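Below is one structure, written out as structure tokens; comments come after it.
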Amino acid sequence: KNFLHHKSKELATHFDVVAIEDLNMKGMSRALHFGKSVADNGWGMFTSFLAYKLHEQGKQLVKIDKWFPSTKTCSSCGNVKNMSLSERVYSCIYGVNLDRDYNAAINIKNEAIRLLALA
1 KNFLHHKSKE LATHFDVVAI EDLNMKGMSR ALHFGKSVAD NGWGMFTSFL AYKLHEQGKQ
61 LVKIDKWFPS TKTCSSCGNV KNMSLSERVY SCIYGVNLDR DYNAAINIKN EAIRLLALA
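full-length UniProt numbering numbers the first residue of the sequence shown as 1 and each following residue consecutively.
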């Protein structure tokens, strides 16, 4: 719990806007390959701490829809492809090769920028 407070405070102190995926942790915990480990990871508590601390400082938390294809979309060209969870590198047909999570983070950032521009 202390770690979650520390990290949420660190993000709220250093950034005016933080973007995260609005993950359905209960649904993920019921999935065959995740089970109890997902339910125990504290994500919900962390996002609550983060939202509170950002709001307290007049900053913003942008939640990206859980159905946004962050891991399936090339952050360089926008090409979308299906990937299994075991695939850890996003390889685009145009030659871009990025770690799957890094690629998803770029897509989440870009989607947050798009949503903020619409607001």
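Cβ coordinates follow ideal geometry from the N, Cα and C atoms, glycine included.
Remember, it's a predicted structure, so these values are computed and weren't measured experimentally.
| field | the region 13-21 contacting the region 56-65, beta-carbon criterion three pairs below 8 Å | value | In this structure the region 13-21 touches the region 56-65; the number of beta carbon pairs closer than 8 Å is three or more.
| field | Beta-carbon contacts of A112 that lie in its chain and below 8 Å, excluding the five residues immediately before and after | value | Excluding sequence neighbours, A112 sits near V17, A19, V62 and I64.
| Candidates N82, K53 and L98, of which the one nearest T13 by Cα | Looking at the Cα atoms, K53 is the closest of the given residues.
| R114 vs T71 beta-carbon contact at 7 Å | Going by C-beta atoms, R114 is not nearer than 7 Å to T71.
| said: Taking the alpha-carbon of G78 as reference, which of N103, N2 and L4 has the nearest alpha-carbon? | reply: The residue with the shortest Cα to Cα distance from G78 is N103.
| query | Excluding five sequence neighbours on each side, which residues of the same chain lie with their C-beta closer than 7 Å to the C-beta of Q57? | reply | Correct list, in chain order: A12.
| request: Please list the segments of the alpha helix (DSSP H) lying wholly inside the UniProt domain "Cas12f1-like TNB" (43-108), counting only runs of 4 or more residues, in order along the chain. | output: As for any alpha helix (DSSP H) of minimum length 4 sitting wholly inside the UniProt domain "Cas12f1-like TNB" (43-108), the runs are 43-56, ordered along the chain.
| message | Quick check on this structure: which residue in K1, M45, N97 and L4 has the alpha carbon closest to the alpha carbon of T73? | response | Of the candidates K1, M45, N97 and L4, the one whose C-alpha sits nearest the C-alpha of T73 is N97.
| N- and C-terminal bounds of the beta strand (DSSP E) containing A119 | Boundaries cannot be given for A119, as no beta strand (DSSP E) includes it and DSSP labels it neither H nor E.
| query | Taking the Cβ atom as the reference point for each residue, do F49 and S75 lie within a distance shorter than 7 Å? | reply | Between F49 and S75, the C-beta gap is not smaller than 7 Å, which leaves the two residues out of contact.
| query | Which residue's Cα is closest to the Cα of W43: K1, S86, P69 and N82? | reply | Comparing alpha-carbon positions, the option among K1, S86, P69 and N82 lying closest to W43 turns out to be K1.
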